[in-house]
Each structure stands twice: as structure tokens, then as C-alpha cells.
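Below is one structure, written out as C-alpha cells; the observations come after it.
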């Protein structure tokens with residue numbers, strides 16, 4: 486996968502309107518992380534989908550420790 490590849494981005498149950506690169510999706514996730522998760526020490530991770538396994542091509546913004 487190319488670093489500059491743009492894909493749809495999913496956050497929770499919704500999808501964002503414009504496709505983004507992995508770096509853009511990470512910045513979006515960092516900027517929009519809920520304050521309670523930030524205080525609890527969570528970080529932003531990006532899941533990269535596989536069309537054969539997930540049935541679509543997208544990036545998903547996740548928050549975890």
C-alpha cells in the first residue's frame with residue numbers, strides 16, 4: 486500500500502466525506518479525540534482495511550491504550 490493512498494475514513498458508525506491519507510486520518514483522530522479518553526491516556530491508531538476480509542477499502546480511526 487502506498488503511503489499517499491487516499492481512502493474513505495470511518496469513525497465510530499459514520500464515515501467522513503473526503504478521502505484521506507493515513508497521516509491525515511491520524512491527525513484528524515488526534516484533533517477530535519474526546520477529552521475523557523485523552524485524560525485516561527488513550528492514543529489514536531489507524532486500522533487499514535482489507536477488501537477481501539472487510540468487504541471494503543477504508544481507514545478506521547480507533548482509540549486505545
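In this note's numbering, the protein residues as written are 486 to 550.
Where a beta carbon is used, it is the ideal one built from N, C-alpha and C, also for glycine.
Given the structure is predicted, the values throughout are model-derived calculations rather than measurements.
Between residue 504 and residue 491, the C-beta gap is smaller than 8 Å, which places the two residues in contact.
The continuous alpha helix (DSSP H) containing residue 514 extends over residues 507 to 516. Under the DSSP definition of a beta bridge, residue 545 partners with 495 and 532.
Straight through space, the alpha carbons of residue 538 and residue 511 are spaced by roughly 22 Å. Nearest in C-alpha terms to residue 497, of all of 529, 550 and 506, is 529.
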